[in-house]
Amino acid sequence: MDDQLADDDKLLFVPELPEVETIARGLASRVKGDIISSVWLGSKPEPLKSPAAQIAATLESSRISDVRRVGKHIVFDLDRVARTPSSAKSSRAAKRRLDHADEKNSQWIVHLGMSGRLLLCEPGTKIAKHTHAILTLRSGRELRFVDPRRFGRLSVAHSFEALGAEPLEVELEEFVSVFRGRKTPIKSALLNQSLLSGVGNIYADESLFRAGVRPRRRASSLTKAELRRLFLSLKEVLNEAIKAGGSSISNYVDANGEAGFFQLQHHVYGREGEPCLVCKRPIKRIVIAGRSSHYCMACQK
DNA sequence: ACTATTTCCTGGATGC
DNA sequence: TGCATCCAGGAAATAG
799 MDDQLADDDK
809 LLFVPELPEV
819 ETIARGLASR
829 VKGDIISSVW
839 LGSKPEPLKS
849 PAAQIAATLE
859 SSRISDVRRV
869 GKHIVFDLDR
879 VARTPSSAKS
889 SRAAKRRLDH
899 ADEKNSQWIV
909 HLGMSGRLLL
919 CEPGTKIAKH
929 THAILTLRSG
939 RELRFVDPRR
949 FGRLSVAHSF
959 EALGAEPLEV
969 ELEEFVSVFR
979 GRKTPIKSAL
989 LNQSLLSGVG
999 NIYADESLFR
1009 AGVRPRRRAS
1019 SLTKAELRRL
1029 FLSLKEVLNE
1039 AIKAGGSSIS
1049 NYVDANGEAG
1059 FFQLQHHVYG
1069 REGEPCLVCK
1079 RPIKRIVIAG
1089 RSSHYCMACQ
1099 K
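As numbered in the working numbering, residues 799 to 1099 make up the first sequence, in order.
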């Protein structure tokens, strides 16, 4: 089963907020409390945003206290596990090193990029092509980071925070103030992670469809009523996708090995030329800032 | 301070 | 069949 998973690298899904939420929840239920006993990092430098030695030093001998989503990032909260009981107290320098290592709030930050996956494997499972990191856990299992396109990023931090507001937590007032006065197309503004965290191409298109707003509209041109509709639509579509276990294109599999099927509910994304599910007119596809954008001419103004 | 464009990557799809 | 070319995407870097 795991061999099949490891062999399959023709995946074509891009994890956005609902997918990352699904993956983080799945991982939390499976690795919370486990301890990272050793770390292997591959030779390809791109996926490592922090120095390899720093990542390895932070992860090794740490206990995973939680796994959660922040924007499109997966955050592993780590507790340092005491390595040597009392011998390290001998010198001041050693004490200082120990104090430093004792940082309670270390975190491993994983961004999956386009093609990144975190696989929980039994030992001995064939190493998939494009495996960039392997964490061996005290339970014997291995947590592997596999990413063919290497757009994913691994780093360590102490108190990681997303730049933009969380779409599921943001309040209407802040949502409105974030977009008001921006000349950029509303589609681009939705994708801008420093404004909102976690919205990608699929959910930008789907929320704009649901709100009845065309993607090329300048953000500043949206009325208060339209911004309110977009605010509600975005929350709805993200919550529905999380409920459905994240979108899947091709055969995306989450951390529990269960497929997500939200793509069956997509109204515009990837449906160019197909009839609008509301008015039957063909869905249009245009390019905005290099990103394909799908919308219905009749349903969106 | 913003906004727009380019770049990084691989593999799947397409065309000759 | 093989080879070249294009395309997808998030975010960082670069340019305006």
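We put the beta carbon where it would ideally sit given N, CA and C, even for glycine. Note that the structure is a prediction, hence the values are computed from the model and not measured.
Using the Cα positions of residue i and residue j, report the straight-line distance between them to the nearest angstrom.
{"i": "S913", "j": "S975", "result": "33 Å"}
{"i": "F1007", "j": "T934", "result": "44 Å"}
{"i": "G1010", "j": "K927", "result": "43 Å"}
{"i": "L1075", "j": "K1041", "result": "21 Å"}
{"i": "R1012", "j": "A960", "result": "27 Å"}
{"i": "R942", "j": "P1080", "result": "42 Å"}
{"i": "P965", "j": "H1065", "result": "20 Å"}
{"i": "L952", "j": "Q852", "result": "11 Å"}
{"i": "P843", "j": "S1018", "result": "40 Å"}
{"i": "A1039", "j": "I872", "result": "17 Å"}
{"i": "G998", "j": "P983", "result": "15 Å"}
{"i": "V812", "j": "G911", "result": "7 Å"}
{"i": "R1089", "j": "T923", "result": "37 Å"}
{"i": "G950", "j": "I821", "result": "15 Å"}
Among all the DSSP beta bridges, which residues are the ones paired with residue i?
{"i": "Y1093", "result": "K1082"}
{"i": "P983", "result": "R1016"}
{"i": "E971", "result": "The partner list for E971 (beta bridge, DSSP) is empty, contrary to what the question assumes."}
{"i": "P1073", "result": "P1080"}
{"i": "I780", "result": "Because the chain spans 799 through 1099 in this model, residue 780 falls outside it and cannot be assessed."}
{"i": "S913", "result": "Looking at the DSSP assignment, S913 forms no beta bridge with any residue, so it has no partner."}
{"i": "S995", "result": "Beta-bridge pairing links S995 to no other residue."}
{"i": "L918", "result": "L941"}
{"i": "L989", "result": "None, per the DSSP bridge assignment."}
{"i": "R878", "result": "S860"}
From which residue to which residue does the beta strand (DSSP E) around residue i run?
{"i": "S836", "result": "I833 to L839"}
{"i": "I907", "result": "S904 to H909"}
{"i": "R1126", "result": "With the chain covering only 799 through 1099, there is no way to say anything about residue 1126."}
{"i": "V954", "result": "R951 to A955"}
{"i": "R947", "result": "Element bounds for R947: n/a, residue is neither H nor E."}
I'd like to know whether the C-beta atoms of residue i and residue j end up nearer to each other than 8 Å.
{"i": "I833", "j": "V879", "result": "yes"}
{"i": "S860", "j": "D877", "result": "yes"}
{"i": "V837", "j": "I862", "result": "no"}
{"i": "K985", "j": "I1086", "result": "yes"}
{"i": "L994", "j": "G962", "result": "yes"}
{"i": "A850", "j": "L839", "result": "yes"}
{"i": "V944", "j": "L918", "result": "no"}
{"i": "S835", "j": "R939", "result": "no"}
{"i": "I1084", "j": "R1014", "result": "yes"}
{"i": "K1078", "j": "M1095", "result": "no"}
{"i": "L1036", "j": "P816", "result": "yes"}
{"i": "V968", "j": "S848", "result": "no"}
{"i": "G824", "j": "G996", "result": "no"}
Within the continuous alpha helix (DSSP H) that includes residue i, where are the two ends?
{"i": "A931", "result": "Run containing A931: none in the alpha helix (DSSP H); it sits in the beta strand (DSSP E), T929 to L935."}
{"i": "F1029", "result": "K1022 to K1041"}
{"i": "P816", "result": "L815 to V829"}
{"i": "A1118", "result": "Coverage of the chain is limited to positions 799 through 1099, which leaves residue 1118 absent and any answer about it impossible."}
{"i": "A960", "result": "Segment: none, A960 is in no alpha helix (DSSP H) and carries neither H nor E."}
{"i": "L857", "result": "A850 to L857"}
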